[in-house]
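**Student:** A single structure is presented below for examination.
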Amino acid sequence: SSITSGLSRGIESATSGLSEALFEPVIRLGVTGLSRAGKTVFITGLVANLLDRGRMPQLSAHSAGRIDSVWLQPQPDMTLPRFDYEGHLAALTGDSPRWPDSTRAVSELRLSFRLRPDGWIAGLTGPRILHLDIVDYPGEWLMDLALLDQTYADWSDALLSRMARRPEAAAFLATARAEDGALPLVEARAQDLAALFTRYLGDARQSGWADCTPGRFLLPGDLAGSPVLTFAPLPRPASTARGSLWVEMERRFDAYKAKVVRPFFHDHFARIDRQIVLADVLGAIHQGPQALEDLRRIMADVMAAFRPGRNGWLTALLGGRRVERILLAATKADHLHHSQHPALTAIMQAMLREAKDRAEFAGALTGAMSLSGFRATVEETITRDGRPLDCVRGRLRDGREVAMYPGRLPDDPARLLSPARQGAESWLDAEYGLMTFEPPLRMSRRPGEGPPHIRLDRALEFLIGDRL
Ligand code: GDP
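As numbered in full-length UniProt numbering, residues 4 to 471 make up the sequence shown, in order.
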C-alpha cells in the first residue's frame, strides 16, 4: 500500500488534473426545480447531514462504516459562485431561525469523502477519495432548451397567439400591437416592452401558467438590465430593415440563445452525472387543479431536457454522455403525517411515469420519492370529534405552535392527476394554506447529528450510493 500511495503521490505532483481523474473521481450532482421548490433547503440539509451523519441510517456506505470522513473543499470552478452553505445553515439554525434566501442562479459546492475500502481489497489499498460537486441551478433555465430550435419570428408568432388568450397579457399586448417594428429602434421603447413582458411572465407564473421562458427574465442571475434580456415578442412588420425595432429584437433574441442558453448547457448541464429534480407538489395541490396540471406539464418539460436526442445541438454537445441517475422528488413532506407520505410519493411516481412515457431516458436509472430537506414539524395525533387525527405540529410566523391536519390525499394519484378531473374538488383543507411553518426554535439534536429531515439519506443512496 505504501508503494501504491507513493506512486500515486509522484504522479499527482506531475499531472494533478490527470491524477484527480484517476485517483480522486468526481461526481457532479445537479439539483434543480422551479423557484421555491426547495433546492436551497435541500442542499443545506443534505450537506449538514453528510458532515454530521447521525441521521443517515439509509445511506448504506455510512451504516456499513465505509465513510471515514466528509469535508467541504474549495470548488474547482473558480468563477462560479459558491453555494452559501454556512449562511443558509446559520439562517435555519440560528437564534431566530428563518428560511434561507432561495436559489437565484447557478452555484456550486464541493464535498469530499474519504472512504474505507471493504471486502478482500481492504488489506491491499488505503482509503480512497471521492469528490461530490453539488450544482444548484434554476429549473426555469432548463426550459430555455426549447428556444434553441426556434427563430425569433416563430417564437414571437407562437407566443403572441398563446398570450392572446390570457388576461395577464393584456397590458403587454396592447403596447406590443401599437408598436411598428419597421421603425428605427428607440431604446427606451425596447426597455418598456421588455419590462411589460417580464411583468407578464411573473403574473403568468403567479396564476400557474406553465411556460415561463425565457428563463432569465424571471431569474436573470447577473444579467439583469443587459441588452440580452431587453427583448420581447413582436408582430412581424411587412418590411424589416437594419436598425429597426424588429431586427434589433431579433438580434437580441439570437444573442440570448447564443450567449446565455448555450453557455449554460455547455458549461453546467453537459457535465452533470446525477440529477435530482425537486417539486413543490403539495403547494400545487393546494392551489388547485389548474396549478397541479401546469406543474405536471412543467415537470414533463424539465425531464425532457434529460432525454438525449430531443435537441440536435444538445445531443452533439453531449457526445454520447448522459445523466446516469435521475430522481424526481416532492419536497416539504414534513407538512404531512408519515401515514400520508406514500400517497405523495405515488403522485411523483405518476409524474415520472408520464415523463417516461413520452420517451425513454436511454439507460438512465430513474426514481421518485417524497422528502423534506429540513423538517420543520413534529407528528402528533390529536382527538377531534371523538376520533384520532394524524397531524403535524409546527411554529407559525407569529410564534404560536399549532397542530395542523392538512386534509387527506387520495391513495390513487390518478384521481388527482387526470385532466378530466377539473371539478373544483379540493384535496387539502383550508388549514393547509394558512399554515406556513417556520424552522423550529428548539431542535432535538444529539452531538454528531445534522438537522432533522425526511429521507435525505434515501435520496442520496439512490443518487450516489453505488459510488460510495
Ligand atoms: P428554491 O427556490 O428552490 O431554492 O427554494 P427554497 O429551498 O428556498 O425553499 C422555498 C421555501 O419553501 C422555503 O423558504 C420554505 O418556506 C419552504 N421549504 C423548503 N423546503 C422545506 C421543507 O423541507 N419543509 C418545510 N416545511 N418547508 C420547506
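All C-beta atoms, glycine included, are put in the ideal place defined by N, C-alpha and C.
If leucine 412 sits next to leucine 347, beta carbons under 8 Å apart, how far is it from one beta carbon to the other, in whole angstroms?
**Tutor:** Position 409 of the sequence shown, counted from the first residue, corresponds to residue 412. Position 344 of the sequence shown, counted from the first residue, corresponds to residue 347. Contact holds; Cβ gap of about 6 Å.
**Student:** Residues in its own chain within less than 7 Å of leucine 466 by CB, not counting five upstream and five downstream?
**Tutor:** Working through the sequence shown from its first residue, we reach residue 466 at position 463. Result list for leucine 466: Leu32, Arg277, Ile279, Arg328 and Leu330, in chain order.
**Student:** Taking Cβ to Cβ, would you say leucine 112 is nearer than 8 Å to proline 103?
**Tutor:** Position 109 of the sequence shown, counting from 1, holds the residue named residue 112. Position 100 of the sequence shown, counting from 1, holds the residue named residue 103. The answer is no: Cβ separation not under 8 Å.
**Student:** Can the beta-carbon of threonine 334 be found less than 8 Å from the beta-carbon of leucine 281?
**Tutor:** Within the sequence shown, the letter at position 331 stands for residue 334. Within the sequence shown, the letter at position 278 stands for residue 281. Against a cut-off of 8 Å, the Cβ pair of leucine 281 and threonine 334 comes out as a contact.
**Student:** Nearest to proline 84 by CA position, among Gly97, Val109, Pro292 and Gln61, is which residue?
**Tutor:** Stepping through the sequence shown from its first residue, residue 84 is reached at position 81. When each option's Cα is compared against that of proline 84, the closest is Val109.
**Student:** Looking only at DSSP bridge pairs, what is histidine 134 linked to?
**Tutor:** On the sequence shown, position 131 is the one that residue 134 refers to. Per DSSP, Val29 and Ser115.
**Student:** Buried or exposed for arginine 403, going by 16 or more other Cβ atoms inside 10 Å?
**Tutor:** Here residue 403 corresponds to residue number 400 of the sequence shown, with the count starting at 1. When all chains shown are included, arginine 403 counts as exposed.
**Student:** Taking only runs of the alpha helix (DSSP H) that begin and end inside the stretch 155–182, which ones reach a length of at least 4 residues, in chain order?
**Tutor:** For the stretch 155–182, whole alpha helix (DSSP H) runs of length 4 or above, ordered along the chain, are 155–166 and 173–181.
**Student:** From which residue to which residue does the alpha helix (DSSP H) around glutamine 76 run?
**Tutor:** Within the sequence shown, the letter at position 73 stands for residue 76. Taken as a continuous stretch (DSSP letters only), glutamine 76 belongs to no alpha helix (DSSP H), being part of the beta strand (DSSP E) at 70–76.
**Student:** Out of Ala319, Val264, Thr318 and Gly370, which one is the CA nearest neighbour of glutamine 153?
**Tutor:** Within the sequence shown, residue 153 is the residue found at index 150, counting from 1. Comparing Cα positions, the closest option is Val264.
**Student:** Per DSSP, residue 480 forms a beta bridge with which residues?
**Tutor:** Not covered by the structure: residue 480. The range shown for the chain is 4 to 471.
**Student:** What residue range is occupied by the uninterrupted alpha helix (DSSP H) comprising proline 292?
**Tutor:** Start at 1 with the first residue of the sequence shown, and residue 292 comes out as number 289. Per DSSP, proline 292 belongs to the alpha helix (DSSP H) from 292–307.
**Student:** Report yes or no: do the stretch 215–225 and the stretch 141–150 share at least 3 C-beta pairs separated by less than 8 Å?
**Tutor:** Yes, they touch.
**Student:** What is the DSSP secondary structure of proline 230, counted as helix, strand or coil?
**Tutor:** Locating residue 230 in the sequence shown gives position 227, counting from the first residue. Correct three-state label for proline 230: helix.
**Student:** Check for me: the alpha helix (DSSP H) holding proline 240 runs from which residue to which?
**Tutor:** Against the sequence shown, residue 240 aligns to sequence position 237. Note, proline 240: premise wrong, no alpha helix (DSSP H); not H, not E.
**Student:** Spatial neighbours of methionine 59 within its chain, please: CB distance less than 7 Å, with the 5 preceding and 5 following residues excluded, ordered by chain position.
**Tutor:** Within the sequence shown, numbered from 1, the residue matching residue 59 stands at position 56. Around methionine 59: Asn52, His65 and Asp460.
**Student:** Quick one: what's got a C-beta closer than 8 Å to glycine 468's C-beta in the same chain, skipping five residues either side?
**Tutor:** As a working mapping, residue 468 is identified with position 465 in the sequence shown. Excluding sequence neighbours, glycine 468 sits near Leu62, Ser63 and Ala64.
**Student:** Residues bridged to proline 391 by DSSP?
**Tutor:** Within the sequence shown, the letter at position 388 stands for residue 391. According to DSSP, proline 391 bridges with Thr386.
**Student:** Return the Cβ separation of histidine 344 and serine 373 in integer angstroms, given the expectation that the two are a contact with Cβ distance under 8 Å.
**Tutor:** Counted from its first residue, the sequence shown places residue 344 at position 341. Counted from its first residue, the sequence shown places residue 373 at position 370. At roughly 5 Å, the Cβ-Cβ gap stays under 8 Å, so histidine 344 and serine 373 are in contact.
**Student:** How many angstroms separate the CA atom of isoleucine 70 from the CA atom of glycine 57?
**Tutor:** Counted from its first residue, the sequence shown places residue 70 at position 67. Counted from its first residue, the sequence shown places residue 57 at position 54. So the two alpha carbons sit approximately 12 Å from each other.
**Student:** Give a yes or no on whether the C-beta atoms belonging to proline 240 and glycine 184 are separated by under 8 Å.
**Tutor:** The sequence position of residue 240 within the sequence shown is 237, counting from 1. The sequence position of residue 184 within the sequence shown is 181, counting from 1. Against a cut-off of 8 Å, the Cβ pair of glycine 184 and proline 240 comes out as a contact.
**Student:** Return yes when the Cβ of phenylalanine 309 is within less than 8 Å of the Cβ of phenylalanine 234, no when it is not.
**Tutor:** Here residue 234 refers to the residue found at position 231 of the sequence shown. Here residue 309 refers to the residue found at position 306 of the sequence shown. Contact flag unset, no.
**Student:** So, helix, strand or coil for alanine 427, using DSSP?
**Tutor:** As a first step, residue 427 is located in the sequence shown; it is residue number 424 there, counting from the start. Because alanine 427 sits at a pLDDT of 46, beneath the cut-off of 50, its placement in the model cannot be relied upon, and the point is left open.
**Student:** Note the first and the last residue of the continuous beta strand (DSSP E) segment covering serine 373.
**Tutor:** The count along the sequence shown starts at 1 and reaches residue 373 at position 370. Run containing serine 373: 368–373, per the beta strand (DSSP E) assignment.
**Student:** Can arginine 400 be considered in contact with the ligand GDP, in the sense that its beta carbon sits closer than 7 Å to one or more heavy atoms?
**Tutor:** Here residue 400 refers to the residue found at position 397 of the sequence shown. Result no, Cβ not under 7 Å from the ligand GDP.
**Student:** Use the C-beta contact count for arginine 390: other C-beta atoms within 10 angstroms, 16 or more gives buried, fewer gives exposed.
**Tutor:** Within the sequence shown, the letter at position 387 stands for residue 390. With fewer than 16 other Cβ atoms within 10 Å, it is exposed.
**Student:** By DSSP, does leucine 196 sit in helix, in strand, or in coil?
**Tutor:** Counted from its first residue, the sequence shown places residue 196 at position 193. In the structure shown, leucine 196 sits in a helix (DSSP, three-state: H, G or I).
**Student:** Shortest alpha-carbon distance to histidine 456 belongs to which of Asp393, Gly410 and Ser375?
**Tutor:** In the sequence shown, residue 456 corresponds to position 453, counting from 1. Out of Asp393, Gly410 and Ser375, Ser375 has the C-alpha closest to the C-alpha of histidine 456.
**Student:** What would DSSP say about glycine 402, mapped onto helix, strand or coil?
**Tutor:** In the sequence shown, the residue the question calls residue 402 occupies position 399. Reduced to three states, the DSSP call for glycine 402 is coil.
**Student:** Could you check what DSSP says for alanine 336 in three-state terms: helix, strand or coil?
**Tutor:** For the purposes of this step, residue 336 is taken as the residue at position 333 of the sequence shown. It is helical.
**Student:** Within a Cβ cutoff of 7 Å, which residues of the same chain sit near histidine 271, ignoring the five residues on either side of it in sequence?
**Tutor:** If you number the sequence shown from 1, residue 271 lands on position 268. Excluding positions up to five away in sequence, the list reads Val109, Val138 and Tyr140.
**Student:** Which residue wins for smallest C-alpha separation from glycine 315, given the options Phe268, Ile30 and Pro187?
**Tutor:** By one-based count along the sequence shown, residue 315 stands at place 312. Of the listed residues, the one whose Cα sits closest to glycine 315 is Phe268.
**Student:** Give the straight-line distance between the Cα atoms of glycine 20 and leucine 133, rounded to the nearest whole angstrom.
**Tutor:** Counting from one through the sequence shown, the residue named residue 20 turns up at place 17. Counting from one through the sequence shown, the residue named residue 133 turns up at place 130. Unreliable positioning characterises glycine 20 in this predicted model, as indicated by a pLDDT of 49, which lies under 50. The coordinate reading is nonetheless provided below. Straight-line Cα distance between these residues: approximately 14 Å.
**Student:** With leucine 196 and glycine 246 assumed to form a contact (beta carbons below 8 Å), what rounded beta-carbon distance in angstroms separates them?
**Tutor:** If you number the sequence shown from 1, residue 196 lands on position 193. If you number the sequence shown from 1, residue 246 lands on position 243. Not quite, the Cβ-Cβ distance comes to about 17 Å (not below 8 Å), so this is no contact.
**Student:** Among Ile275, Leu226 and Thr201, whose alpha-carbon lies nearest the alpha-carbon of arginine 107?
**Tutor:** The sequence position of residue 107 within the sequence shown is 104, counting from 1. The shortest Cα separation from arginine 107 among Ile275, Leu226 and Thr201 belongs to Leu226.
**Student:** Quick check on the burial criterion: 16 or more other C-beta atoms within 10 angstroms. Buried or exposed for phenylalanine 116?
**Tutor:** In the sequence shown, counting from the first residue as 1, residue 116 sits at position 113. That one is buried.
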